[in-house]
Amino acid sequence: MMEKLVLIDGHSILNRAFYGVPDLTNSSGLHTNAIYGFLNILFKILEEEKPDYLTVAFDVHAPTFRHEIYKEYKGTRKPMPEELREQVPVMKEVLSAMGIATVEKTGLEADDILGTLAKKSEKQGMAVSLVSGDRDLLQIATDGIKVRIPKTKGGKTEIEDYYTSDVVARYQVTPTEFIDLKALMGDTADNIPGVPKVGEKTATELIRTYHSVENLYDHIDEITKKAVKESLINNRKLADLSKDLATIRTDSDVELDKDKARIHNFYTEDAYKILKKLEFKNLLSRFEKRVSHDEITEKFHTVTDLAEAENLFEKAGKEEATGLYLLLDEKRSLLAVCLSFPDGETFFCRREGFLTEDYLADKLRKLSETGKIVCANIKEYYDFLQTDNTDHYFDIILAAYLLNPLKNDYTIQDVANEHLGLMLQEKTEMFGKKSLSAAYAEMEEEVISYISFLVYACVKAAPVLKKKLEETGMDRLMKEIEMPLTCVLYDMEKEGIRVNPEKLKAYGDTLAGRIKELEQEIYRKAGCEFNINSPKQLGEILFERMKLPGGKKTKTGYSTAADVLEKLSGEAPVVADILEYRGLTKLKSTYADGLAVYIGEEDRIHSTFNQTITATGRISSTEPNLQNIPMRMELGRQIRKVFIPRDGYLFTDADYSQIELRVLAHMSGDKQLIEAYRTDADIHRITASKVFHTPFEEVTDLQRRNAKAVNFGIVYGISSFGLSQDLSISRKEATEYIEQYFATYPGIKAFLDGAVAHAKENGYVTTMYGRRRPVPELSSSNFMQRSFGERVAMNSPIQGTAADIIKIAMIRVHQRLKDEKLSSKLILQVHDELLIETKEEEKDKVREILEEEMKGAAKLAVELEIDLHTGYDWYEAK
DNA sequence: GTGTTCACG
DNA sequence: ACGTACGTGAACACG
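Just remember that my numbering sits 1 ahead of the position in the first sequence, which is counted from 1.
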């Protein structure tokens, strides 16, 4: 295995960190932000690279700047601010305390030290990573030397990596040519003068052609641009000097001290003390909780023997908790089972010899009936586990989601980092894009170690997460809703929904016919052919060629969104065709063609229901998304006729009637709204009657429509602007509607204000069942962001509580169908709607169950009502 | 990979 | 003056 060296450009990274990290001081007034940023970058690099050697290079006289000796070019760079200067010696102390090697040498620039060490080490056969904030170092990049440039972007550090090819890709010149490029174009930051009149563009062009300054001058006659040629000829000296300045020495008198540079445990007592003094709480906890990987690895075992496996599973059955990871291949058959216990002992059981798949599956099934299982994404494992009872299961990913539902994805690595302070290797770092099962075949050892760490982390994280769930009041939410729901979703996914492929095809063909007609019609009316699906081209045609009114609206050009086009449809007949074309191509590509590829055995489509995506607690559906099948427009709605029950069955579809508004009535306790729900079902008409002071019977359709829009707006976190957009009225009118609404339902105003106040105070809002949603936007200094935060604070408790309730209903309905041994199955959830594939004979029973369990899912101040329909396709049942 | 558009609740 | 309704996912164009 190739040895790996990481070299760090000390001053440059410190500098980067200083400007990238917000100002920090400890209680004695010392600035610490650069050190903090430096350490974060350092740890990130170490975790990613897992190098064998590490060295940090500094310039001797901080702050010396590259080539400062050439006084004539000095003066363009600002002096180092005192706030940064004072951090330099402390930084060196920290590194020294951690036992990290540093190099500095009188008369040598850090660049030259780094360049030299990098090249020499590469020659010795090492893989080198050179970390710097300075792009000058790019000239050092080769296929064996990776130059890494960290960027602090919005609080997160991302690192750009450059091998030779990356430099070429970015700058169109090789790393060596990069020196010549700099020599010509100069660099004010580095006091490299360059050649006057030659900027980045010209320099790149010249170097791409001539590859070096010297060769350029050999062919100086060939230069066509007069001004450039003249300047080059007149400034030959400057060019040569610049090249010399730009060149990083790679033959300096400095050697890598392998002994000092060797990676060891950095988490020392001394370092701990300094970090404590600097008050880096975040990093300290890392030191405290950090157990060296070596120490953990000692507890890893591989099991191949039948007797060992027997013992292992017997032990697992009795343990307080058993971490579980299943290695599955593409066909979802078992390749290995990995178990870990609270004491850290971890066992990797490969499928081999007597340990056949059937044997392992049998052991697993038995374990799942009695053992206490901790794992990640448990729904993925239910092919092998009992699903009757989740009381003794714990999914750390679900727990992490509940504790912070705002993340884009949830990995064991992140959970281990955040909740255990344990850093684990990312999969891609170890195995690239290969699937784990594929990597397993090639590099078994590594995969076993990788998986063992994951399972180890699962079982260690579980108690920490459980405690946090209790502290945040979400333990019951976890135990009684999210965990049981995993089984329901698993069954729904497995069951799938049947479609009629012929009908789907016919639907698509009908669309295709009309699309072709429209296409020709649009080309004719527009006077040319273009890609109607390209907003860019469409915008140009409409607003430039046809000169239709309507300016820019988006960052990239003209907006061609439906609401913009609708306003234009009076101007040009082609616009109506475009809108129809849009609608039809959407239906065809997303639904007719899009769904077809998912049709599997028995003509069924198996969507995936995700439980950790939404910020509010809703479920989401992917591959395909069955929660956005057209409904509002008749033509689109027709596609629901394609969804059919299996033979001998029919669909029963039940949806909550205005669940969010009812939740609002309950949570706000508003007397008027509660009373309204007690007297009549048509809540929008009642609202209109009250808000517009009109007798109930005399409420016009328009008034009702407006009241309905206000009701929706309230649920979304009302704003006068939003409402005015929706109703196409002035902002003033919208404001009046809202004021009238709040006058009518004062409890709602108080509730919404209370939600925002709570969020401002605590940083989060909660649902009736304790689900939390953080609202970080509320502390933003940006008005837009803050307003968004306010709307979120108003909407999330409502949307989230509704989501909680339907989850409860799903669990109860699912359980009842099972308890009563019915063949009917819950197959879909669409936020406020459940679809049951119902056996003919069970029709009445299913209706009864849906009514009881959906209405009974929560006891609110107002009744939960449902609308229930049956039919022989989804269109009919809705 | 990002932005735009549009389907749903 | 700012430029938004809340929550999603998929297709497509484009850099």
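Don't be surprised by glycine CBs; every beta carbon is placed ideally from N, CA and C.
Given this structure, state the Cα-to-Cα distance separating F713 from S13, to the nearest angstrom. Within the first sequence, the letter at position 712 stands for residue 713. Within the first sequence, the letter at position 12 stands for residue 13. The straight-line gap from Cα to Cα measures roughly 53 Å.
Tell me which same chain residues have a C-beta within less than 6 Å of the C-beta of S622, skipping the five on either side of it? Along the first sequence, one-based indexing puts residue 622 at 621. Excluding sequence neighbours, S622 sits near S608, F610, Q628.
List the whole-angstrom C-beta distance separating L399 from G771, where the pair is believed to meet the contact cut-off of C-beta under 8 Å. Within the first sequence, the letter at position 398 stands for residue 399. Within the first sequence, the letter at position 770 stands for residue 771. Actually they do not touch by this definition, with Cβ atoms about 14 Å apart.
Here's the rule: buried if 16 or more other CB atoms are within 10 angstroms of the residue's CB, otherwise exposed. What is T839? The sequence position of residue 839 within the first sequence is 838, counting from 1. The residue is buried, with at least 16 neighbouring Cβ atoms inside 10 Å.
For the stretch 87 to 94 against the stretch 9 to 28, do three or more pairs of beta-carbon atoms, one drawn from each stretch, fall closer than 8 Å, so that the two count as touching? yes
Buried or exposed for N283, please, with buried defined as at least 16 other CB atoms from any protein chain shown within 10 angstroms of its CB. Working through the first sequence from its first residue, we reach residue 283 at position 282. N283 comes out exposed.
So the beta strand (DSSP E) E838 belongs to, where does it begin and stop? Working through the first sequence from its first residue, we reach residue 838 at position 837. It spans 834 to 840 - the beta strand (DSSP E) in which E838 sits, taken as one unbroken run.
Spatial neighbours of I70 within its chain, please: C-beta separation below 6 Å, excluding the five flanking residues on both sides. Sequence index remark: in the first sequence, residue 70 carries index 69 (1-based). The predicted position of I70 is uncertain, since its pLDDT is 34 and thus under 50; no value can be drawn from it.
Tell whether a beta-carbon distance below 9 Å holds between V776 and A760. Start at 1 with the first residue of the first sequence, and residue 776 comes out as number 775. Start at 1 with the first residue of the first sequence, and residue 760 comes out as number 759. In this structure, A760 lies closer than 9 Å to V776 by Cβ.
Here's the rule: buried if 16 or more other CB atoms are within 10 angstroms of the residue's CB, otherwise exposed. What is M811? Counting from 1 along the first sequence, the entry for residue 811 is found at position 810. The residue is buried, with at least 16 neighbouring Cβ atoms inside 10 Å.
Which residue spans inside the stretch 442 to 501 form an unbroken beta strand (DSSP E) run of at least 3? 498 to 500
Cβ pair T117, R250 closer than 9 Å: If you number the first sequence from 1, residue 117 lands on position 116. If you number the first sequence from 1, residue 250 lands on position 249. Against a cut-off of 9 Å, the Cβ pair of R250 and T117 comes out as a contact.
Quick one: using the 10 Å Cβ neighbour count with 16 as the cut-off for buried, is M785 buried or exposed? Sequence index remark: in the first sequence, residue 785 carries index 784 (1-based). With fewer than 16 other Cβ atoms within 10 Å, it is exposed.
Simplified DSSP state of L519, which is helix, strand or coil: Against the first sequence, residue 519 aligns to sequence position 518. Helix.
G801 versus L753: straight-line alpha-carbon distance, rounded: As a working mapping, residue 801 is identified with position 800 in the first sequence. As a working mapping, residue 753 is identified with position 752 in the first sequence. Taking the straight line joining both Cα atoms gives about 14 Å.
So what does DSSP say about E206, is it helix, strand or coil? Stepping through the first sequence from its first residue, residue 206 is reached at position 205. Helix, per DSSP.
Return yes when the Cβ of L512 is within less than 9 Å of the Cβ of L596, no when it is not. What you label residue 596 is simply residue 595 of the first sequence in a count that begins at 1. What you label residue 512 is simply residue 511 of the first sequence in a count that begins at 1. Cβ atoms of L596 and L512: not closer than 9 Å.
What span of residues does the beta strand (DSSP E) with A655 cover, start to end? Start at 1 with the first residue of the first sequence, and residue 655 comes out as number 654. Per DSSP, A655 belongs to the beta strand (DSSP E) from 650 to 657.
Could you tell me which residues DSSP puts in a beta bridge with T347? In the first sequence, counting from the first residue as 1, residue 347 sits at position 346. In DSSP, T347 forms a bridge with F301, S341.
Can you grab the Cα-Cα spacing for the pair Y394 / I374, in whole Å? Your numbering for residue 394 matches position 393 in the first sequence. Your numbering for residue 374 matches position 373 in the first sequence. So the alpha carbons of these two residues sit roughly 5 Å apart.
Whole-Å CB distance - I101 paired with A58, under 8 Å assumed: In the first sequence, residue 101 corresponds to position 100, counting from 1. In the first sequence, residue 58 corresponds to position 57, counting from 1. Not quite, the Cβ-Cβ distance comes to about 12 Å (not below 8 Å), so this is no contact.
Alpha carbon to alpha carbon, how far is Y746 from R732? Start at 1 with the first residue of the first sequence, and residue 746 comes out as number 745. Start at 1 with the first residue of the first sequence, and residue 732 comes out as number 731. C-alpha separation (whole angstroms): 21 Å.
Select from L407, I397, E320 the residue whose C-alpha is nearest the C-alpha of S369. As a working note, residue 369 is residue 368 in the first sequence. Ranking the options by Cα distance to S369, first place goes to E320.
Are the CB atoms of A527 and I542 within a distance shorter than 9 Å? By 1-based counting over the first sequence, the position of residue 542 is 541. By 1-based counting over the first sequence, the position of residue 527 is 526. Yes, these two residues count as a Cβ contact at 9 Å.
For E48, I'd like the list of residues in its chain whose CB is within less than 6 Å of its CB, leaving aside the five on either flank, ordered along the chain. On the first sequence, residue 48 is found 47 positions in, with the first residue counted as 1. Counting only Cβ-Cβ distances below 6 Å, and skipping sequence neighbours, we find M424.
Opposing strand residues paired with Y765 [DSSP bridges]: Counting from 1 along the first sequence, the entry for residue 765 is found at position 764. DSSP lists P775 as partners of Y765.
Can you grab the Cα-Cα spacing for the pair A794 / I715, in whole Å? Here residue 794 is taken as the residue at index 793 of the first sequence, counted from 1. Here residue 715 is taken as the residue at index 714 of the first sequence, counted from 1. If I take the Cα positions, the gap works out to 12 Å.
Within this structure, are the beta carbons of P151 and T165 separated by less than 9 Å? The residue labelled residue 151 in the question sits at position 150 within the first sequence. The residue labelled residue 165 in the question sits at position 164 within the first sequence. No, the pair does not count as a contact, with Cβ atoms beyond the cut-off.
CA-CA distance, Y54 and E231? Residue 54 sits at position 53 when you count from the first residue of the first sequence. Residue 231 sits at position 230 when you count from the first residue of the first sequence. Distance between the alpha carbons of Y54 and E231 is about 50 Å.
Under three-state DSSP, which class holds P536? Working through the first sequence from its first residue, we reach residue 536 at position 535. Here P536 sits in helix by DSSP.
Using 8 Å for Cβ pairs, my map puts K568 next to Y559. What's the rounded Cβ distance? Here residue 568 corresponds to residue number 567 of the first sequence, with the count starting at 1. Here residue 559 corresponds to residue number 558 of the first sequence, with the count starting at 1. Actually they do not touch by this definition, with Cβ atoms about 13 Å apart.
Give the straight-line distance between the Cα atoms of P646 and I606, rounded to the nearest whole angstrom. Here the question's residue 646 lines up with position 645 in the first sequence. Here the question's residue 606 lines up with position 605 in the first sequence. If you take the alpha carbons of P646 and I606, they lie about 12 Å apart.
With distance defined between alpha-carbon atoms, name the residue in K461, D476, V460, C459 nearest to S467. Taking the first sequence and counting its residues from 1, the one referred to as residue 467 is at position 466. Residue identity check: residue 467 is Lys in the sequence provided, not Ser. Out of K461, D476, V460, C459, D476 has the C-alpha closest to the C-alpha of K467.
The stretch 635 to 644 in contact with the stretch 849 to 861 per 3-pair CB rule at 8 Å: no
Quick one: what's D868 bridged to in DSSP? For the purposes of this step, residue 868 is taken as the residue at position 867 of the first sequence. In DSSP, D868 forms a bridge with D656.
Just the C-alpha distance for D868 and N763, rounded to the nearest angstrom, thanks. Taking the first residue of the first sequence as position 1, residue 868 is located at position 867. Taking the first residue of the first sequence as position 1, residue 763 is located at position 762. Approximately 38 Å, taken between the alpha carbons.
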